[in-house]
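Reading through the structure tokens given below for one structure.
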Amino acid sequence: MKPASPICSFAHLQLRPFAASPICSLANLQYSPFAVSPIRTTFNTMSTFARRRIIQDLNKINKEQNKTFEASPFADNIMCCHVIIRGPEDTIWECGIFHLIINFSEEYPVSPPKVKFLSKIFHPNIYTDGNICLDILQNQWSPIYDITSLLTSIQSLLNDPNTSSPANPEAARIFISNRALYNKRVLMCVEDSWEIPKFNINNFN
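Numbering (the UniProt record's numbering), first residue to last: 1 to 205.
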């Protein structure tokens, strides 16, 4: 049964001007809006291969006008991106609008970025602090992967958890032993995801 909510579209997320506060909501952070226009190298940083590759990846997402996830860099920092992932259709995650942060290093794409959920997630492969246990973020990473393939993998993980080596043992246990309770916990996360999360931006620099 799908949760009844009018908020099932990225269009409901209104971005507002930057508020000068270290602890604020994503709605108050200034960053490039989600749009089909190309992201240009206007950042006050030296152009490097990693930065050019990130811009290429982001422009690919914009060009494809993906309906299930969107990504955009924070103002003056191409190495840190805000991501919104929609829950997979026809699953209990559907209608979820989940916020994440991606941090890139100058070794990207040779080395994987760091990815963390800002939205509350109850999932066997997602730690309670939002960090993600996913093979392509660790030893299975390859430079051929880009932001699109990474976000696609994370989205698929939501409804296809690996309980053999869980990051959240409680979620794995309930997923195996009591699916109805697990689904209830997930639906609570889906409802919570309609609120734009707050976080300390200094923790992600």
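All residues carry an ideal CB built from backbone N, CA and C; glycine is no exception.
For Glu64, the enclosing alpha helix (DSSP H) covers residues Phe49 to Glu64. A distance below 8 Å between beta-carbons, with the five flanking residues on each side excluded, links Thr128 to the following residues of its chain, in chain order: Asn168. Around the C-beta of Arg179, fewer than 16 other C-beta atoms lie within 10 Å, and the residue is accordingly described as exposed.
Here DSSP, grouped into helix, strand and coil, assigns Leu118 to coil. Here DSSP, grouped into helix, strand and coil, assigns Ala71 to strand.
DSSP, read as helix, strand or coil, puts Cys95 in coil. A residue is called buried once 16 or more other Cβ atoms fall within 10 Å of its Cβ, and Ile176, having fewer, is exposed. By the neighbour-count criterion, in which 16 or more other beta carbons inside 10 Å mark a residue as buried, Ile144 falls on the exposed side. In the DSSP assignment, Ile85 falls within the beta strand (DSSP E) that extends over Asn77 to Arg86. Taking a cut-off of 8 Å for Cβ pairs, the stretch 155-168 and the stretch 87-97 touch, as three or more such pairs fall below it. Here Val110 is exposed. Its C-beta has fewer than 16 other C-beta atoms within 10 Å. Ala167: not part of any alpha helix (DSSP H); DSSP gives it neither H nor E.
Under DSSP, Ile102 shares a beta bridge with Cys81 and Val115. According to DSSP, residue pairing for Ile132 in a beta bridge involves Ile126.
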